[in-house]
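Novice: Below you will find the structure I want to go over with you.
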Amino acid sequence: MNHPQPPETSNEPLAPGLRLPESERKEFSPEAIAEIHAIMAQYPDKLAATLPALYIAQREFGFVSLAAMKAVAKAIGIPEGHVFGVATFYTMYQKAPVGKYHFAVCTNISCALRGAAQLLEKVCEKTGVKPGQGPSPDGLWSVEEVECLAGCGVAPCVQVNQNVYDELVDEQKLVEVMEACKRGEYRPWAE
Amino acid sequence: MVTIRTKPDHHTYTFPGFGSEKFPNLMLRGAGDLDNWHLKTYEQKHEGYVAMKAALKMEPVAVTEEVKASGLRGRGGAGFPCGLKWSFMPKDTADRKLTRYLVCNGDEGEPGTFKDRAILEYNPHQLIEGMIIGGWAMQCAMGYVYIRGEFLWLIEKLEAALQQARDAGYLGKNIMGTGWDYDILVYRGAGAYICGEETALLNSLEGRRGEPRVKPPFPAAKGAFGQPTTVNNVETLAAVPPIMRMGGAEYAKIGSPKNSGTRIFGVSGHVKRPGIYELPMGTPMNFLVDELCGGSSTGRKIKAIIPGGSSCPMLDEKDFDVPMDFDNLKARGSMGGSGGLIVMDESVCMVQVTLRLIKFYAHESCGQCTPCREGCNWLEMILHRIEHGEGRMEDLDVIASLTPRIGLRTLCPLGDAACGPVDSALQKFRHEFEHHITHKTCYATGSRLLSKVGTH
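Chains as they are written, first to last, in my numbering: chain A, 1 to 191; chain B, 1001 to 1456.
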């Protein structure tokens, strides 16, 4: 039988937010607060600024830490629990540090039919990190396995830091992309 | 900083005869041309904003009637008549208590679907024009375009295009002297497939978790921010300008009966020329796959096709001649869905495909309704067991008894969508599942294409 393993017991605090990695930064910059207030003014309800504000937090803090969520709640004036709920619901808010170049590899059906699994292996091998394991020691790379990126016709595809996709990625193309990252031709994470 | 793509993508967008009377080019004008997102190019080359100017001279109700006459059905998946949806909005436009919203659904997340991306990339002004016409027809105060977070460069492009439209006076206060104020805002999603469902999308737009709402009240009564709202797909709204340009009756002549117009099909998987093809509704599937896409890319026979994005039940060989429109696909036990064809050749193991798809749905289930949250996870675990040679014959009966308990028992169609591929695979390729269980090996020998799925 292949029953799922029970969760490991640990002495960590029970509140889920306290298990999240901490960020160095604790507060927004004044410019970011002004930006969030400008977004709030665009919508009939200030709650609508939660998602955009979390993107701003991700940019400022590097990832969405618990402090970032608290800062978002304070800037908009909404309950911290609401922000925590939203931030943990959506997968594009990284709750742990990522590398300067974050590779999102699609492994869904259309990409899988064209060798996404092998590509993911290659990405892990070249960058030296596994999906969800945080950035490489030099801080350059991190890898994530994602669901469909809507690049099905040009599969397999990889997205680097929410830039334009890199399509039809084979080993040679992957090396080219990584070289281009090192030369600084891609927008680094959180910019 | 606006990221403008400097080289076209690798998709195929055209084929011999595209743009002729038989295969009209209504939504993919300028596809492949990276300059086409400029307002000037759109106006000069592609009759841009002609339809909007004509529509603003008409009564709002007359615009809705025109869309009704065209027979346009929603291109997001359900195929609901667009004009009818528009007419559900409260009629009394003098009622000052109500603010009407038009929301465009650009949360393209369905595996196998990549059509909205093509429109946003090459023809964003046609979407903006469609949103202005729709906004006028329903007298909306605001339009929102909800786009998935991964499309950051398309969001920046659309925002630049919107600014061009504002500068030209097509958006803002007192548009074209009608006294009507309207603007469009872009809202960036954050990576949740469920937000493609309209009420989940509205929750997300309001800054909440993307959990579908209980219906009724339907969005036309109580939608975004508690106000009357219509949610339309990108492709549906992009189809509106051609309708206004050529007239609803003329548009209704394209395609098959009750399924009028053209549709953008995205073909992926084992074909020679995968890409985006705009075809009249009712075009036979084998014509698209064999003639336009060049047939199998591997030289092996094509075994199964998913006709409309991963949620649709798959079709096997005997149904490859199906005319692709909502009614015909439904008659063959599948769905029109979002128009994304996934083509699989003989070497593909159906157990792996089913496992990969159910893994996606188990991951994307929002967790609100127990049948979907628990059911999808159990389906994944059972299929995982079969895939890894530990399956038992009674597992197939458990799956067969589980899927009817998920479908139609949830707030939104995600549960049904998860069951579609599982049911159809089990029905059409049962021998592969049995082979996995009895022989502990894969039926589709030599397949390493999906060999790592589910093991990491």
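Beta carbons are placed, not taken as given, at the ideal position from N, Cα and C, and that holds for glycine.
1. Would you list the one or two residues that DSSP bridges to GLU1278(B)?
2. Between GLY1149(B) and chain A, is any beta-carbon pair separated by less than 8 Å?
3. Leaving aside the five residues before and after GLU24(A) along the sequence, list all residues of the same chain whose C-beta is less than 7 Å from its C-beta, in chain order.
4. Roughly how many angstroms separate the alpha carbons of LEU1450(B) and ARG114(A), rounded to a whole number?
5. If you measure from the beta carbon of ASP1316(B) to each beta carbon in chain A, is any gap under 8 Å?
6. Spell out a yes or no on whether the stretch 1257-1271 of chain B and the stretch 146-155 of chain A are touching, meaning 3 or more CB-CB pairs, one atom from each, closer than 8 Å.
7. Taking the alpha-carbon of SER1310(B) as reference, which of GLY1130(B), GLN1163(B), LEU1185(B) and LEU1414(B) has the nearest alpha-carbon?
8. Suppose the cutoff is 6 Å on Cβ atoms and the five residues either side in sequence are ignored; what does the same chain contact list for PRO1459(B) look like?
9. Answer with buried or exposed for ASP1423(B), where buried requires no fewer than 16 other C-beta atoms within 10 angstroms of its C-beta.
10. Using the Cα positions of ALA73(A) and ASP1092(B), report the straight-line distance between them to the nearest angstrom.
11. Just checking my contact of MET1244(B) with ALA1055(B) at CB under 8 Å: how many whole Å lie between their CB atoms?
12. Mind listing the chain A neighbours of PRO1111(B)? Cutoff is C-beta to C-beta under 8 Å, in chain order.
13. So TRP1153(B) contacts chain A; which residues on that side make the cut at Cβ distance below 7 Å?
14. Decide if the stretch 1186-1196 of chain B is in contact with the stretch 1102-1114 of chain B; the criterion is three or more beta carbon pairs, one per stretch, under 8 Å apart.
15. Of all the options THR1262(B), LYS1040(B) and GLY1177(B), which has the alpha carbon lying nearest to the alpha carbon of GLU1235(B)?
16. In terms of alpha-carbon separation, which member of GLU1374(B), SER1087(B) and LEU1162(B) lies closest to THR1410(B)?
17. List the DSSP bridge partners of PHE1429(B).
18. Mind listing the chain A neighbours of LEU1185(B)? Cutoff is C-beta to C-beta under 7 Å, in chain order.
19. Taking the straight line between their C-alpha atoms, what separation do you get for GLY184(A) and SER136(A)?
20. Run through DSSP, which three-state label would ILE1243(B) get?
21. Between LEU47(A) and chain B, is there a C-beta pair that is closer than 8 Å?
22. Is it a yes or a no for the stretch 53-61 of chain A touching the stretch 30-37 of chain A, going by three-plus beta-carbon pairs under 8 Å?
23. Determine, using beta carbons only, whether GLY1135(B) comes closer than 8 Å to chain A.
24. Kindly give me the distance between the Cβ atoms of VAL1353(B) and ALA1425(B), rounded to whole angstroms, as I take these residues to be in contact under 8 Å.
25. Using the beta-carbon of each residue, which ones in chain B are nearer than 9 Å to LEU113(A)?
26. Under the three-state reduction of DSSP, which class applies to GLU145(A): helix, strand or coil?
27. Please classify VAL1398(B) as buried or exposed, where buried requires at least 16 neighbouring CB atoms within 10 angstroms.
28. At a Cβ cut of 7 Å, what residues of the stretch 77-90 of chain A count as close to chain B, listed as they run along the chain?
29. For MET1393(B), is the classification buried or exposed, using 16 other Cβ atoms within 10 angstroms of its Cβ as the cut-off for buried?
30. Check ASP1092(B) in the structure and name its three-state DSSP category.
31. According to DSSP, is LEU1034(B) helix, strand or coil?
Specialist: Reading off the structure:
1. Reading the second sequence from its first residue, position 278 is the one you call residue 1278(B). DSSP, once it has assigned bridges, lists ILE1264(B) as partnering GLU1278(B).
2. The residue labelled residue 1149(B) in the question sits at position 149 within the second sequence. Yes, GLY1149(B) counts as interfacial toward chain A.
3. By one-based count along the first sequence, residue 24(A) stands at place 24. Closer than 7 Å at the Cβ level, and outside the excluded window around GLU24(A), lies no residue.
4. Here residue 1450(B) refers to the residue found at position 450 when the second sequence is read from its first residue. Here residue 114(A) refers to the residue found at position 114 when the first sequence is read from its first residue. In this predicted model, LEU1450(B) has a pLDDT of only 46, less than 50, meaning its place in the structure is not dependable enough to derive any value.
5. Locating residue 1316(B) in the second sequence gives position 316, where the first residue counts as 1. With 8 Å as the cut-off, ASP1316(B) does not count as an interface residue toward chain A.
6. yes
7. Here residue 1310(B) is taken as the residue at index 310 of the second sequence, counted from 1. Ranking the options by Cα distance to SER1310(B), first place goes to LEU1414(B).
8. Here chain B covers residues 1001 to 1456 and nothing more, so residue 1459(B) does not appear.
9. Working through the second sequence from its first residue, we reach residue 1423(B) at position 423. Flag for ASP1423(B) reads buried.
10. Within the first sequence, numbered from 1, the residue matching residue 73(A) stands at position 73. Within the second sequence, numbered from 1, the residue matching residue 1092(B) stands at position 92. Spanning the two alpha carbons is a distance of roughly 38 Å.
11. As a first step, residue 1244(B) is located in the second sequence; it is residue number 244 there, counting from the start. As a first step, residue 1055(B) is located in the second sequence; it is residue number 55 there, counting from the start. Right, the Cβ-Cβ distance comes to about 5 Å (below 8 Å), so this counts as a contact.
12. Mapped onto the second sequence, residue 1111(B) falls at position 111. Going along chain A in sequence order, the residues near PRO1111(B) (Cβ under 8 Å) are ASN108, ILE109, SER110, GLU147, CYS148 and CYS152.
13. Looking up residue 1153(B) in the second sequence gives position 153. Simply ASN163 and VAL164.
14. yes
15. Along the second sequence, read from residue 1 onward, the residue named residue 1235(B) stands at position 235. Looking at the Cα atoms, THR1262(B) is the closest of the given residues.
16. Taking the second sequence and counting its residues from 1, the one referred to as residue 1410(B) is at position 410. Selected option, being the one with the closest Cα: GLU1374(B).
17. As a position in the second sequence, residue 1429(B) is number 429, starting the count at 1. None; PHE1429(B) has no bridge partner.
18. Taking the second sequence and counting its residues from 1, the one referred to as residue 1185(B) is at position 185. The contacting residues are GLN42.
19. What you label residue 184(A) is simply residue 184 of the first sequence in a count that begins at 1. What you label residue 136(A) is simply residue 136 of the first sequence in a count that begins at 1. Rounded to whole angstroms, GLY184(A) to SER136(A) spans 17 Å at the Cα level.
20. Within the second sequence, numbered from 1, the residue matching residue 1243(B) stands at position 243. ILE1243(B): helix per DSSP, three-state reduction.
21. Residue mapping note: residue 47(A) aligns to position 47 of the first sequence, counting from 1. Taking Cβ atoms only, chain B reaches closer than 8 Å to LEU47(A), which makes this a yes.
22. yes
23. Along the second sequence, one-based indexing puts residue 1135(B) at 135. Cβ-Cβ to chain A under 8 Å: no for GLY1135(B).
24. The sequence position of residue 1353(B) within the second sequence is 353, counting from 1. The sequence position of residue 1425(B) within the second sequence is 425, counting from 1. Confirmed, about 7 Å.
25. What you label residue 113(A) is simply residue 113 of the first sequence in a count that begins at 1. Result: SER1268, GLY1269, HIS1270, ILE1342, VAL1343, MET1344, ASP1345, VAL1348, VAL1353, LEU1449 and LEU1450.
26. Numbered from its first residue, the first sequence carries residue 145(A) at position 145. Of the three classes helix, strand and coil, the one that applies to GLU145(A) here is strand, per DSSP.
27. Here residue 1398(B) refers to the residue found at position 398 of the second sequence. Burial call: exposed.
28. GLY85, VAL86, PHE89 and TYR90
29. As a first step, residue 1393(B) is located in the second sequence; it is residue number 393 there, counting from the start. Answer is exposed; the Cβ neighbour count stays below 16.
30. Locating residue 1092(B) in the second sequence gives position 92, counting from the first residue. Coil at ASP1092(B), not helix or strand.
31. One-based indexing of the second sequence puts residue 1034(B) at position 34. Note: LEU1034(B) maps to coil in three-state DSSP.
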